[in-house]
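Enquirer: Quick one: the structure is below, and I'll ask about it shortly.
Protein chains: 2
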Amino acid sequence: MRIGQLAKRSGVSVRALRYYEEQNLLESARTSGGQRDYPEDALDRVQLIQDLFAAGLSSRTVVELLPCVSTGTATPDMLGQLTTERDRIAERIQDLSRAKSKLDRVIEDVVAAGVVKA
Amino acid sequence: MRIGQLAKRSGVSVRALRYYEEQNLLESARTSGGQRDYPEDALDRVQLIQDLFAAGLSSRTVVELLPCVSTGTATPDMLGQLTTERDRIAERIQDLSRAKSKLDRVIEDVVAAGVVKA
DNA sequence: CTAAAACCTGACGTCAACGTGAGATACAAG
DNA sequence: CTTGTATCTCACGTTGACGTCAGGTTTTAG
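Residue numbers (my numbering), protein chains in the order written: chain L, 1 to 118; chain S, 1001 to 1118.
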């Protein structure tokens, strides 16, 4: 599959895919003409990368963790980092939940007070 | 209260507080000498701002929403934006939960497989 | 064979939320 | 009064994940 196809199917930009390769997050074979040629499972990988980015992990962190995600094995250091990041995400979820509760209350209050005309 | 005190008590930097003022998120009275003088409730406000930032809202969005948060009233537009942001946060929470689940599984797998020596 | 798409590699631009001096002023302590 | 610490206003630097433009090559459609 070529880069445009992968971009469409994964929902990320062509530029982003090249960037992932630059960061060693994603490999690609090349055609004789030098164009990128991705295997089918690249799609899963891109989505995984996106999930981890969405979780606030940096590319540096992701590139360190991807190997254990694919292989299912890790050194003690890697396991430590995995749990560190997992915990960080859990905290973020707590923060977001707090913020959401605040907004929920504000919305409640506003609705209860009646919406003011422009 | 002066800016250093507010910074310590709120846990955000002096620079950040000045930035908030620049973005019209936070007001301050001034002493005759031109130094910022905050009322007690500035502390709550700073924490609210931090919560909303932590939730991924931009300063532009926060400055638009802060009035209804303080007053408890809003125009229809503001109510719409409030719910939009609330929903965005809810989605973020979903994303993070997905990412966390993935990491949880990876950690499980790694532990089950036995941690590899360095 | 040819024109249009799609792709390639640089390389500079962007944007937000500050960090980080520089140089000057204000205020508290002795 | 003087030293030291806090604060002031510019104003440029930082960082990450790309956006975007330039100039050239490859592939595909016809």
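Note that CB positions come from ideal geometry on N, CA and C, so glycine has one too.
Comparing the C-beta of Ile1003(S) with each C-beta of chain L, is any distance below 8 Å?
Expert: Here the question's residue 1003(S) lines up with position 3 in the second sequence. No, no contact with chain L.
Enquirer: Would Ile3(L) pass as a contact of Val14(L) if the rule is Cβ separation under 8 Å?
Expert: Along the first sequence, one-based indexing puts residue 3(L) at 3. Along the first sequence, one-based indexing puts residue 14(L) at 14. A contact, by the Cβ cut-off of 8 Å.
Enquirer: Among the residues of its own chain, which have a CB less than 8 Å from the CB of Phe53(L), if the five just before and after it don't count?
Expert: Here residue 53(L) refers to the residue found at position 53 when the first sequence is read from its first residue. Excluding positions up to five away in sequence, the list reads Ser59, Val62.
Enquirer: For Lys100(L) versus Ala1090(S), is the C-beta distance shorter than 8 Å?
Expert: Walking along the first sequence from the start, residue 100(L) turns up at place 100. Walking along the second sequence from the start, residue 1090(S) turns up at place 90. Closer than 8 Å, so yes.
Enquirer: Can you list the residues of chain S that Leu96(L) reaches, using a CB-CB cut of under 9 Å?
Expert: Numbered from 1 along the first sequence, position 96 holds the residue referred to as residue 96(L). Here the neighbours are Ala1054, Ala1055, Gly1056, Ile1089, Ala1090, Arg1092, Ile1093, Leu1096.
Enquirer: Let me confirm a value: Ala55(L) is counted as buried when at least 16 other C-beta atoms fall within 10 Å, else exposed. Which label applies?
Expert: Indexing the first sequence from 1 puts residue 55(L) at position 55. With a 10 Å radius around the Cβ and a threshold of 16 neighbouring Cβ atoms, Ala55(L) comes out buried.
Enquirer: Would Ser1010(S) be called buried (16 or more neighbouring beta carbons within 10 Å of its own) or exposed?
Expert: Taking the first residue of the second sequence as position 1, residue 1010(S) is located at position 10. Result: buried.
Enquirer: Give me the chain L residues within the contact set of Arg1086(S), using Cβ-Cβ distance strictly less than 8 Å, ordered along the chain.
Expert: By 1-based counting over the second sequence, the position of residue 1086(S) is 86. Going along chain L in sequence order, the residues near Arg1086(S) (Cβ under 8 Å) are Lys100, Leu103, Asp104, Ile107.
Enquirer: I'd like to confirm the pairing. Which residues does DSSP put opposite Arg30(L) in its beta bridges?
Expert: For this step, residue 30(L) is matched to residue 30 along the first sequence. Answer is Arg36(L), bridged to Arg30(L).
Enquirer: Thinking Ile93(L) and Ile1093(S) are a contact (beta carbons under 8 Å), I'd like their distance in whole angstroms, please.
Expert: One-based indexing of the first sequence puts residue 93(L) at position 93. One-based indexing of the second sequence puts residue 1093(S) at position 93. Ile93(L) to Ile1093(S), Cβ: 6 Å. Contact.
Enquirer: Rank Asp1051(S), Leu1057(S), Val1110(S) by C-alpha distance to the C-alpha of Gln1081(S) and give the top, closest one.
Expert: Taking the second sequence and counting its residues from 1, the one referred to as residue 1081(S) is at position 81. Nearest in C-alpha terms to Gln1081(S), of all of Asp1051(S), Leu1057(S), Val1110(S), is Leu1057(S).
Enquirer: Between Val1046(S) and Leu1026(S), which are expected to be in contact by the criterion C-beta below 8 Å, what is the C-beta distance as a whole number of angstroms?
Expert: By one-based count along the second sequence, residue 1046(S) stands at place 46. By one-based count along the second sequence, residue 1026(S) stands at place 26. At roughly 7 Å, the Cβ-Cβ gap stays under 8 Å, so Val1046(S) and Leu1026(S) are in contact.
Enquirer: Once you ignore the five residues that flank Asp1037(S) on each side, which residues in its own chain have a CB closer than 8 Å to its CB?
Expert: Counting from one through the second sequence, the residue named residue 1037(S) turns up at place 37. Residues of the same chain with a CB within less than 8 Å of the CB of Asp1037(S), apart from the 5 flanking positions on each side, are Met1001, Arg1002, Ser1028, Ala1029, Arg1030, Thr1031 in chain order.
Enquirer: Determine, using beta carbons only, whether Ile1107(S) and Arg98(L) come nearer to each other than 8 Å.
Expert: For the purposes of this step, residue 1107(S) is taken as the residue at position 107 of the second sequence. For the purposes of this step, residue 98(L) is taken as the residue at position 98 of the first sequence. Against a cut-off of 8 Å, the Cβ pair of Arg98(L) and Ile1107(S) comes out as no contact.
Enquirer: Kindly list, in the order they appear in chain S, the residues whose Cβ is closer than 9 Å to that of Val115(L).
Expert: If you number the first sequence from 1, residue 115(L) lands on position 115. Those are Thr1073, Ala1074, Thr1075, Pro1076, Met1078, Leu1079, listed as they occur along chain S.
Enquirer: Mind checking Val111(L): buried by the 16 CB within 10 Å criterion, or exposed?
Expert: Position 111 of the first sequence holds residue 111(L). Classification of Val111(L): exposed, given that the 10 Å Cβ count is below 16.
Enquirer: What would DSSP say about Leu952(S), mapped onto helix, strand or coil?
Expert: Chain S is shown only over 1001 to 1118; residue 952(S) falls outside these bounds and no answer can be derived.
Enquirer: Less than 7 Å between the CB of Glu21(L) and some heavy atom of the ligand ATP, yes or no?
Expert: Ligands in the displayed structure: none, and consequently the ligand ATP is not present.
Enquirer: Using the three-state DSSP reduction, which class does Asp1109(S) fall into: helix, strand or coil?
Expert: Counted from its first residue, the second sequence places residue 1109(S) at position 109. Correct three-state label for Asp1109(S): helix.
Enquirer: Could you spell out where the alpha helix (DSSP H) holding Arg15(L) opens and where it closes?
Expert: Taking the first residue of the first sequence as position 1, residue 15(L) is located at position 15. Unbroken alpha helix (DSSP H) run through Arg15(L): 14 to 22.
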